[in-house]
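Undergrad:
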Amino acid sequence: MPYLVTPTLLRSLSAGIALLLSSGGCTQEPPGPVIADTPTGGGTSTTVNADPRDFAQYTELKWSDDFDGSSLDQSKWVYEVKDVWYNNELQATTNRRDNVTVTGGNLNINAIKESYNGRSYTSGRIITKGKQDFNFGRVDVRAKLPKGKGIWPAIWMLGSNDSTTPWPACGEIDIMELRGSSPTVNNSTVHYGTSNADHKYKGTQYTLPANASADFSSDYHVFSLVRSLNQMRFYVDGNLYYTLTPNDVSPYPFNNPFYAILNLAVGGDFDGNPDASTTFPQTMLVDYVRYYQYK
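Numbering (mature numbering (1 follows the signal peptide of the UniProt record, and there is no 0)), first residue to last: -28 to -1, 1 to 267.
Set out below in structure tokens:
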């Protein structure tokens, strides 16, 4: 089971930290593919669960995937298959079982060093777009992360309107991004702005305490986002470490529905490229994704 830790906040109060955070997420990434399916479960109401509640009060499970089957549940997830990604990433993402598997009660996203369609690495990326919207409430993702120079796991969200309201105006919420070379530090960032030219971001870091004698690859941790009207709160293992409101972020696109993204990138602007010390394959394990509201 994950253990509770005391957060160490490294807020972006300097240009150096701002630069550190700026390269995450889907920076310079246009909206994803249009999915024909009609979203279910989440709806588009901005009134349900609009009032903020304590973390533990979000107990009504609205949607989940515990990855207890033998393959990815495609009624809940869509593979994003693409050979060339943004941010100077090196991997192609596929729908092969080599890269995305469900086994032992976990989603396994595997980054493999191999020649594939002109790329040197393959990996996986799955999204809930067209399957499930996430509105106000709490999202928990329990995951065990890989580490190594150039390894970049992420748990994040994009506005469900990104097909008509391109990034960054649709909003991006990076719940978890890890530099594989800094495996004790979780990066959380939001991206927003009226256009690419107006791209803005704001974020912070959560660092495991020095006495933890472990990093995010050593055990499972629960990464959580709680959204209510005009407020976002970020947690690791139930510990609040960051809160954002329209006083911090303007324009504020974060009252709208979002879809979830789980992926494992290799190389790119966030942590640079793998070096001789980076071993492969690398695996991001996800025990569950759960979406709660309160009654």
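All C-beta atoms, glycine included, are put in the ideal place defined by N, C-alpha and C.
Small disclaimer: the values here were computed from a predicted structure and weren't measured.
Nearest-angstrom Cα distance between serine 42 and glycine 102?
TA: Counting from 1 along the sequence shown, the entry for residue 42 is found at position 70. Counting from 1 along the sequence shown, the entry for residue 102 is found at position 130. Each residue's alpha carbon lies about 23 Å from the other.
Undergrad: Determine the extent of the beta strand (DSSP E) in which glutamine 203 is found, giving its start and end residues.
TA: In the sequence shown, residue 203 corresponds to position 231, counting from 1. Its beta strand (DSSP E) spans residues 203 to 208.
Undergrad: Put glutamine 29 into one of helix, strand or coil per three-state DSSP.
TA: Start at 1 with the first residue of the sequence shown, and residue 29 comes out as number 57. In the structure shown, glutamine 29 sits in a helix (DSSP, three-state: H, G or I).
Undergrad: Looking at the unbroken beta strand (DSSP E) that takes in alanine 126, where does it start and where does it end?
TA: Numbered from its first residue, the sequence shown carries residue 126 at position 154. Here the beta strand (DSSP E) through alanine 126 covers 123 to 131.
Undergrad: Quick one: using the 10 Å Cβ neighbour count with 16 as the cut-off for buried, is valine 111 buried or exposed?
TA: Here residue 111 corresponds to residue number 139 of the sequence shown, with the count starting at 1. Under this definition valine 111 is a buried residue.
Undergrad: With distances taken Cα to Cα, identify the nearest neighbour of tyrosine 93 among Trp57, Gly109, Phe106, Leu79.
TA: Position 121 of the sequence shown, counting from 1, holds the residue named residue 93. The candidate whose alpha carbon is nearest that of tyrosine 93 is Trp57.
Undergrad: Which residues in the same chain have their Cβ closer than 6 Å to the Cβ of tyrosine 178, if we skip the five residues on either side of it in sequence?
TA: The residue labelled residue 178 in the question sits at position 206 within the sequence shown. Here the set comprises Pro(-22), Asn158, Val208, Tyr213.
Undergrad: Give me the Cα-Cα distance between glycine 120 and aspartate 70, rounded to the nearest whole angstrom.
TA: Looking up residue 120 in the sequence shown gives position 148. Looking up residue 70 in the sequence shown gives position 98. About 20 Å.
Undergrad: Starting from isoleucine 145, follow its DSSP beta bridges and name the residues at the other end.
TA: Along the sequence shown, read from residue 1 onward, the residue named residue 145 stands at position 173. Answer is Met129, Val162.
Undergrad: Assuming leucine 150 and proline 181 are in contact, meaning their beta carbons sit under 8 Å apart, how far apart are those beta carbons, in whole angstroms?
TA: One-based indexing of the sequence shown puts residue 150 at position 178. One-based indexing of the sequence shown puts residue 181 at position 209. About 17 Å separates the two Cβ atoms, so there is no contact after all.
Undergrad: So the beta strand (DSSP E) aspartate 112 belongs to, where does it begin and stop?
TA: Working through the sequence shown from its first residue, we reach residue 112 at position 140. Run containing aspartate 112: 109 to 116, per the beta strand (DSSP E) assignment.
Undergrad: If we call anything under 8 Å between Cβ atoms a contact, is glycine 109 one with threonine 66?
TA: Locating residue 109 in the sequence shown gives position 137, counting from the first residue. Locating residue 66 in the sequence shown gives position 94, counting from the first residue. No, Cβ-Cβ distance for glycine 109 and threonine 66 is not below 8 Å.
Undergrad: Check whether the Cβ atoms of lysine 116 and tyrosine 224 sit closer than 8 Å, and answer yes or no.
TA: Here the question's residue 116 lines up with position 144 in the sequence shown. Here the question's residue 224 lines up with position 252 in the sequence shown. No, they are not a contact pair.
Undergrad: Which residues bound the beta strand (DSSP E) around serine 259?
TA: Against the sequence shown, residue 259 aligns to sequence position 287. This sequence places aspartate at residue 259; serine is not what is there. Aspartate 259 -> beta strand (DSSP E) spans 254 to 265.
Undergrad: What's the C-alpha gap between residue 270 and tryptophan 49?
TA: Past the boundaries of the shown model lies residue 270; the chain is included only from -28 to 267, so the question cannot be answered.
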